[in-house]
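**Q** Heads up: the sequence lines are chains A and B, in that order.
In this text, residue positions in the first sequence follow my numbering: the first is 185, and each later residue adds one.
In this text, residue positions in the second sequence follow my numbering: the first is 259, and each later residue adds one.
Take a look at this one; I'll ask things after.
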Amino acid sequence: MTAPGPHIRVKGLEMGYGGRVIMRNVSFEVSRGSVFVIMGGSGCGKSTLMRHLLGLLPPVRGSVEVGGVDIWSVGPVQRSLMLERSGVLFQSGALWSSMTIGENVALPLQEFTRLTTGEIEHMVSFKLALVGLAGCEPLYPAQLSGGMQKRAGLARALVLDPEILFCDEPSAGLDPISARRLDDLIATVSRSLGTTVVMVTHELASIFAIGTDAIFLDTETRTLIAHGRPGELRDSCPHPAVRQFLNGGRDGTT
Amino acid sequence: MTEHTEHVSTDCSVTSGPVAGEVRIVVRGTWTRAAPVPHAALIADNLVAKNARSVSFDATALAAWDSSLPAFASDLATRCAARGITLDPAGLPEGVRSLVDLARAGGRITPANDSAHNDRFLSLLGEEAARAGGAVMDAVTFTGDVAWAFCRLFRGKARVRWCDVIQLVRSCGAEALPIVSLVGVLVGVVFAFIGVIQLKQFGVQMYVADLVGVIMIRVMGAIMAGVVLAGRTGSAFAAQIGTMEVNDELDALRSLGISPTEFLVVPRILALTVMMPLLCLYTSFLGVCGGMVVGVNALHLNMTEYFMRTRGAVSLCDVGIGLFESVVFGVLVAGAGCLCGMRCGRSASAVGNAATRAVVYGIVGIIVATAIITVICSVLGI
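Below you can see the structure in the form of structure tokens.
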């Protein structure tokens, strides 16, 4: 499974909805085991880019390769097999509200593995314990706080031991301590399981704490303008917009 | 308290300065929302009339101000700039100046012109047509998706959670019984009353049993059950699935490679298609009972007699047509609900619209289908 080469390769991607172009000519590579951050101002298409990477949205132009295979050149069956190998943590958690936390985390196991009910229960309680929610199986999503919902969403995203974990603004709307805990959790999981993490965020604390590689999408020019380690981008990126972003809105001209 | 508190006035006068073209605007009194403030357009016209080239402010007699004054000043500044008059805000209070600067610094955002918006009749008509075409395409795609999902179900490949189906059967079947009962009985009673009045004119009021029996079992049982379920269950389907869309829950399914059509739509259509014929039979039966209550009380028939007349009038074919209609209605109501839910936008109001549309499509679908089935039956002579 650990083929050489980048884990995800995006070439000349043009994104858009119904004839409206959001970003064009986006190309980058994500190496295995990295924590890859997609940054950019509000409304620049970060979440849209993630939907393209997830295979939920076909590109207008260009290609998205995962493990060397273009996900839009294969048929729907094979694409869904590829999707099984990635886990997604959505911005709001996106837990299925009609099911309990336990059922939410168990569903991917029921659908994609041949584990027995007992084994599934065991696995679910382990994954919930990993995210600090041991014993929450019988609760419904609405009974959890926002931070707990996100952690439950993370447990669900991790339940199939994905090769790639996508996170859409994991720490948005959380208090600094919960946000930090979630970041640490993601970093620990990435390190211990060798999971590649692709994270959409604009929380500077998360970016510097766990990001190993980053790209910056620019709203003005509608394309990718910077790619590199977050710390280096902050100090020596030729684009003032990127430096300003990573310096927390200050000019960054020094 | 008398009216002789301090006189609240909002005043603004334009005076020419000693040098030609230099004009001073004196703002006095209280500039708040409590009193009307002068309009910048009038002042700007006044400035033009005085051939002003540069304008300054005098705010020494200003008593109090809120956002009205900066709004006025900013409006005036825009108008002066358009007329080539230089405006020196130095005379205004510090707070007003900084608010005016802030308001004028941002520039204007021109909304991205996605679709060149045009209010002309033809382009509006074209947009409407395109939208309608899109809706038809959506419905066709959805029907294809559902058909494909059912194919996979029959080949044993679809991922359907049977516990969901059972839960849905309970919520759209058993829990609908009270309201369906009420509607069934009352429709039977209404038909019987009207029937008695009309048939009495010909002295054949005992035929009311035939009338109520045939109409309830052949058509109205299915229609009433369908309408109740369109309002009760179809809208609920749309709202549930729509809320899941808003919440990214559908994307969460897709991202796992689970088709929302198989996971959400198939169980709902199955549940409603199974329950609708049962509810139709139940409604028809209660309708006949309602008719019987009227028949027994108004015509003094006895119950057995009424029952025998109904049995004589209603053929097995009528029961079959009623059941067939109810199956069609079940598919239509569930399909409309799920289609509206799946095509829901990503906001709270979109969920409300989806639920409303589900009811409308469901009921219209029921009526149209009834008309088509009735015409076909009469052509076939059944």
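Ideal Cβ positions, reconstructed from N, Cα and C, are used throughout, including at glycine.
Mind checking Glu507 (chain B): buried by the 16 CB within 10 Å criterion, or exposed?
**A** buried
**Q** Who are the neighbours of Pro292 (chain A) on chain B, taking C-beta pairs under 8 Å?
**A** Leu514
**Q** Residues of chain B with a CB under 8 Å from the CB of Leu265 (chain A): which are they?
**A** Gly515
**Q** Using 8 Å as the limit for Cβ to Cβ distance, is Asp202 (chain B) near chain A?
**A** No answer is possible for residue 202 (chain B): it lies beyond the span of chain B, which begins at 259 and ends at 640.
**Q** Does any C-beta atom of chain B lie closer than 8 Å to the C-beta of Asn275 (chain A)?
**A** Per the sequence presented here, residue 275 (chain A) reads as Gln, with Asn not at that position. Closer than 8 Å: yes.
**Q** With DSSP as the reference, identify every bridge partner of Val253 (chain A), one or two as the case may be.
**A** A:Val250
**Q** Please tell me whether Asp509 (chain B) has its Cβ less than 8 Å away from any Cβ of chain A.
**A** yes
**Q** Out of curiosity, what's the CA-to-CA distance linking Ala319 (chain B) and Ala393 (chain A)?
**A** 57 Å
**Q** Within a Cβ cutoff of 7 Å, which residues of the same chain sit near Ala393 (chain B), ignoring the five residues on either side of it in sequence?
**A** none
**Q** Return the chain-ordered list of same chain residues with a C-beta closer than 7 Å to the C-beta of Phe408 (chain B), the five sequence neighbours on each side being excluded.
**A** If we look at Phe408 (chain B) and ignore the five residues flanking it on each side, its Cβ neighbours are Val524.
**Q** Excluding five sequence neighbours on each side, which residues of the same chain lie with their C-beta closer than 7 Å to the C-beta of Asp422 (chain B)?
**A** Pro525
**Q** From Pro190 (chain A) to Val418 (chain B), what distance separates their C-alpha atoms?
**A** 36 Å
**Q** Contact criterion: CB-CB distance below 8 Å. Does Ala278 (chain A) meet it with respect to chain B?
**A** yes
**Q** Any C-beta of chain B within less than 7 Å: which residues of the segment 226-258 of chain A qualify?
**A** Leu238, Leu240
**Q** Whole angstroms are fine: how far does the CA of Arg604 (chain B) sit from the CA of Leu358 (chain A)?
**A** One alpha carbon belongs to Leu358 (chain A), the other to Arg604 (chain B), and they sit about 22 Å apart.
**Q** Reducing DSSP to helix, strand and coil, say where His411 (chain A) ends up.
**A** Strand at His411 (chain A).
**Q** Anything in the segment 294-318 of chain A with a Cβ closer than 7 Å to a Cβ of chain B? List those residues in chain order, please.
**A** Those residues of the segment 294-318 of chain A that come within reach of chain B (Cβ to Cβ, closer than 7 Å) are Glu295.
**Q** Roughly how many angstroms lie between the CA atoms of Glu353 (chain A) and Gln275 (chain A), to the nearest whole one?
**A** 5 Å
**Q** Between the beta-carbon of Asp314 (chain B) and the beta-carbon of Ala361 (chain B), is there less than 8 Å?
**A** According to the sequence shown, residue 314 (chain B) is Ser rather than Asp. Not closer than 8 Å, so no.
**Q** Could you confirm whether any beta carbon from chain B is found closer than 8 Å to the beta carbon of Val426 (chain A)?
**A** no
**Q** For Lys195 (chain A), which residues does DSSP report across the bridge?
**A** Lys195 (chain A) is bridged to A:Ser247.
**Q** Can the beta-carbon of Ala278 (chain A) be found less than 8 Å from the beta-carbon of Val315 (chain A)?
**A** Not in contact: Ala278 (chain A) and Val315 (chain A) (Cβ atoms no closer than 8 Å).
**Q** At what residue ranges does the segment 453-508 of chain B contain a whole run of the alpha helix (DSSP H), taking only runs of 4 or more?
**A** Qualifying alpha helix (DSSP H) stretches, in chain order: 466-473, 479-487, 493-504.
**Q** Look up Leu279 (chain A) in the DSSP assignment and say whether it is helix, strand or coil.
**A** coil
**Q** Examine chain A for any beta-carbon lying closer than 8 Å to the beta-carbon of Thr263 (chain B), and answer yes or no.
**A** Reliability of the predicted coordinates at Thr263 (chain B) is poor, the pLDDT of 35 falling under 50, and the value obtained from them is presented with this limitation in mind. For Thr263 (chain B), the answer is no, since every Cβ of chain A falls outside 8 Å of its Cβ.
**Q** Only counting runs of 4 or more residues, tell me where the alpha helix (DSSP H) segments fall wholly within the segment 347-382 of chain A, in order along the chain.
**A** 360-377
**Q** Might you give, ordered along the chain, the residues of its own chain that have their beta carbon closer than 7 Å to the beta carbon of Ser542 (chain B), omitting 5 neighbours on each side?
**A** Met474, Ile475, Gly479, Gly580
**Q** Check distances from the C-beta atoms of the segment 385-417 of chain B to those of chain A and list, in chain order, the residues that come in under 7 Å.
**A** Using a CB distance below 7 Å, the part of the segment 385-417 of chain B facing chain A consists of Arg417, ordered along the chain.
**Q** Should Ala410 (chain A) go down as buried or exposed, given a rule of 16 or more other Cβ atoms within 10 Å for buried?
**A** buried
**Q** Can you round the beta-carbon distance between Leu273 (chain A) and Gly378 (chain A) to whole angstroms, since I take them to be within the 8 Å contact cut?
**A** That pair is no contact at about 18 Å.
**Q** What is the DSSP secondary structure of Gly235 (chain A), counted as helix, strand or coil?
**A** Going by the sequence as given, residue 235 (chain A) is Arg instead of Gly. Three-state result, Arg235 (chain A): helix.
**Q** Do Pro346 (chain A) and Gly271 (chain A) come within 8 Å of each other at the CB atom, strictly closer than that value?
**A** yes
**Q** Please report how far the alpha carbon of Glu520 (chain B) lies from the alpha carbon of Leu426 (chain B), in whole angstroms.
**A** 15 Å
**Q** In the structure shown, what three-state DSSP assignment does Val266 (chain B) receive?
**A** Its pLDDT being 45, under 50, Val266 (chain B) is placed unreliably in this model, and the coordinates cannot settle the point.
**Q** Starting from Gly610 (chain B) and walking both ways along the alpha helix (DSSP H), at which residues does that stretch end?
**A** According to the DSSP assignment, Gly610 (chain B) belongs to the alpha helix (DSSP H) that extends over 606-638.
**Q** With a cut-off of 8 Å, does the C-beta of Glu404 (chain A) fall near any C-beta of chain B?
**A** no
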